[in-house]
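Peer 1: All residue numbers for the sequence shown refer to the working numbering, where the first residue is 182 and numbers rise by one.
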Amino acid sequence: MKLSPNSNPPEPDNLLIRFHNQTGAAVDVTGSEHGHSSRWHCHGCGDLSGYHSLSFTRDEANGHATTCRASHHRLG
Ligand SMILES: [Zn+2]
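(1) Can you tell me whether Phe200 is buried or exposed? The criterion is at least 16 other CB atoms within 10 Å of its CB, across all chains shown.
(2) Across the stretch 186 to 196 and the stretch 226 to 239, are there enough close Cβ pairs to call them in contact, namely three or more that are closer than 8 Å?
(3) Could you name the residues, in chain order, whose CB is less than 6 Å away from a heavy atom belonging to ligand 3?
(4) When burial is assigned at 16 or more other CB atoms within 10 Å of the CB, is Asp209 buried or exposed?
(5) Which partner residues of His233 appear in the DSSP bridge assignment?
(6) Identify whether Arg199 lies in helix, strand or coil by the three-state DSSP scheme.
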């Protein structure tokens, strides 16, 4: 796997889970384990979810990481 600069971005303080998409770009789940206060952000395509429960966010992030092939190099 060719690693992009987004494979291992700095870990946010509230990082809960890090998935990696098909190109190895990080898909980070951040927020809180409690309530509807977690969201995911893909460093490959820049997609950002709304706030949901952790179980929902985790499933969504996992699903996104499975299908996302983006490895954008200029997204923050
Ligand atoms: Zn993506």
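Every residue, glycine too, gets a C-beta built ideally from N, C-alpha and C.
Peer 2: So, to answer that:
(1) buried
(2) no
(3) Although ligand 3 was asked about, the structure shown includes only ligand 1 as ligands.
(4) buried
(5) Ser219
(6) strand
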